[in-house]
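Numbering (the working numbering), first residue to last: 69 to 219.
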Ligand SMILES: [Zn+2]
Ligand SMILES: [Zn+2]
Ligand SMILES: [Zn+2]
């Protein structure tokens, strides 16, 4: 595998840039929205709604609001949803100018997540598309294993 053509910008955007993106789409910056952006920014790994909720100041909003805000952010392309096969959606902030395409290595014992910067060469998708008569082929892929701490 070689690095993806469009290297994932793992830099964190300033909170003002993120709230600017909300404003740019004529969205109000409510307390919960701003607080959730802050948590996602501080933790550059996919987080479950419950984890985000637990990190919010007590009494700011309920879990249903967290679900709604994450759904809104996903629609706006601010966050990307990942599925690690355990039935719980996880959300991660998408960098500016980055479609959010990247992969994770997940520990099956402690759920530690490593961000992977490499991806398959584009030729593999092109060949799969050509061989099957498909267009616009993409992929989703996560890796699983046992981290050094858990060995
Ligand atoms: Zn582990
Ligand atoms: Zn990630
Ligand atoms: Zn990939």
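Positions of the beta carbon are idealized from the N, C-alpha and C atoms, including for glycine.
With fewer than three CB-CB distances shorter than 8 Å, the segment 142-158 does not count as touching the segment 122-132.
Per DSSP, reduced to three states, the secondary structure at residue 218 is helical.
When distances are taken from the beta-carbon of residue 107 to the heavy atoms of ligand 1, even the shortest one reaches 7 Å or more. Around the beta carbon of residue 191, fewer than 16 other beta carbons sit within 10 angstroms, so the residue counts as exposed. The shortest C-alpha to C-alpha distance from residue 116 to any of 137, 88, 209 is the one to 137. Note on the segment 100-144: whole alpha helix (DSSP H) runs with a minimum of 4 residues are 117-123, 131-144, in chain order. For residue 87 and residue 183, the gap between their C-alpha atoms comes out near 25 Å.
CA-to-CA, the gap between residue 140 and residue 126 works out to about 22 Å. Of the other Cβ atoms in all chains shown, fewer than 16 fall within 10 Å of the Cβ of residue 205; this residue is therefore exposed. For residue 181, the closest alpha carbon among the candidates 157, 171, 99, 187 is that of 171.
In this structure, the beta-carbon distance from residue 217 to residue 178 falls below 8 Å. In summary, residue 90 is buried, with 16 or more beta-carbon neighbours lying within 10 Å of its beta-carbon over all protein chains present.
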